[in-house]
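If you want our numbering, it's the position in the sequence shown, counting the first as 1, plus 27.
One structure is given here, and the rest of the page talks about it.
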Amino acid sequence: MDSVQQVSLAARFHELHKSGCFVLPNPWDVGTAIYLERLGFKALATTSAGFAFSRGKPDGGVPRDEMLAHIREIVNATVLPVNADFQAGYGDEPEDVAANVRLGIETAIAGLSIEDGTGRSDRLLYEKKLAVERIRAARTSIDASEAGVVLTGRCEAWLVGDPDPLRTALDRLTAYAEAGADCLYAPGVSKLDEIAQIVKTVAPKPVNVLLSGFNHHLRLAEIADLGVRRISVGSGLALAAWGAFLRAAREIITDGTFNLLANNAPSADLNQLFRRA
């Protein structure tokens with residue numbers, strides 16, 4: 028993909044955030060990316076956890092270069108804009124984040140997200156000043172590239188068990204918006220009134236909400252009514268596939284029966300899908 032195509036995809040991705048609410052599903056390999064495109068979604072996002080599990084690794088256990096290769100593979104599998112789950116930028120210091128974001132942009136992504144979780148037990152979130160500097164560093168790299176990549180600033184307050192996640196998220200997401208994030212995201216929020224507060228606080232910047240097993244009772248329409256512009260499912264689809272696999276495998280080993288294979292996807296349909304790819 029050349030730079031002109033990347034700029035065009037990034038512009039399309041920006042446009043999706045301007046009005047309405049779209050779902051950004053998360054494939055974890057080429058096959059799932061192709062299927063989601065054919066199903067009619069308007070953009071895709073990688074999932075660090077979904078890919079890690081497919082490689083027999085825990086979330087966060089995939090090194091930077093392996094993840095970059097995976098992101099490039101997903102980008103090359105689809106004509107849709109792709110947002111990269113770029114975790115915490117694969118470095119602590121702003122200059123490391125900036126350098127790694129440049130590498131991410133080279134995969135021809137249309138967007139990427141930067142988290143503020145450290146992945147360590149002694150300090151769950153980066154100190155706010157440093158976290159803001161990391162977002163600003165990512166912004167600088169994106170601007171220098173002139174690719175127009177959408178930058179999403181993520182606050183991991185809910186995921187790390189912050190004692191007051193809403194307050195922390197509102198404070199940090201506001202700061203990330205001011206530092207140059209185009210879209211704001213606090214995965215783990217599930218109460219409608221809290222989602223509404225996030226939307227109101229960072230307006231007019233768009234907000235992404237994660238819908239997965241923990242808040243699956245929420246509906247697209249009610250989330251959209253709050254002014255949310257983007258809904259992603261994170262590792263949700265990958266975990267749904269793992270759930271079906273685990274249940275079927277356990278049935279075979281424990282009961283000696285194969286009943287759960289009755290609802291398998293027809294191989295003929297998949298063969299047809301990938302012949303057209």
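Glycine included, each C-beta is placed from N, C-alpha and C at the ideal position.
Keep in mind it's a predicted model, so treat the numbers as computed, not measured.
Residue 60 is a Cβ neighbour of residue 101, given a cutoff of 9 Å. Rounded to the nearest whole angstrom, the C-alpha separation of residue 235 and residue 271 is 27 Å. Residue pairing from DSSP leaves residue 200 without any beta-bridge partner.
Across the structure, residue 143 and residue 81 are spaced so that their CA atoms are roughly 25 Å apart.
In this chain, the beta strand (DSSP E) harbouring residue 181 covers 177 to 181. The three-state reading of DSSP puts residue 258 in strand, counting E and B together. One thing to note: residue 177 has its Cβ within 9 Å of the Cβ of residue 37. Bridge partners of residue 141 according to DSSP: 180. If you draw a straight line from the Cα of residue 219 to the Cα of residue 251, it comes to about 11 Å. For residue 285, the number of other beta carbons within 10 angstroms of its own is below 16, and it is reported as exposed. The residue among 232, 282, 237 with its C-alpha nearest the C-alpha of residue 45 is 232. One Cα belongs to residue 289, the other to residue 283, and the distance between them is close to 15 Å. Counting only residues of its own chain and dropping the five nearest sequence neighbours on each side, residue 54 has a CB closer than 7 Å to the CB of 60, 63, 71, 101.
Beyond the five residues adjoining it in sequence on each side, residue 253 comes within less than 6 Å, by CB distance, of 222, 223, 226 in the same chain, given in chain order. DSSP places residue 252 in the helix class (H, G or I) of the three-state scheme.
The beta-carbon separation of residue 275 and residue 287, rounded to 4 Å, stays under the 8 Å limit for a contact. Under a 10 Å Cβ-count criterion, residue 94 is classified as buried, with 16 or more other Cβ atoms of the shown protein chains found around its own Cβ.
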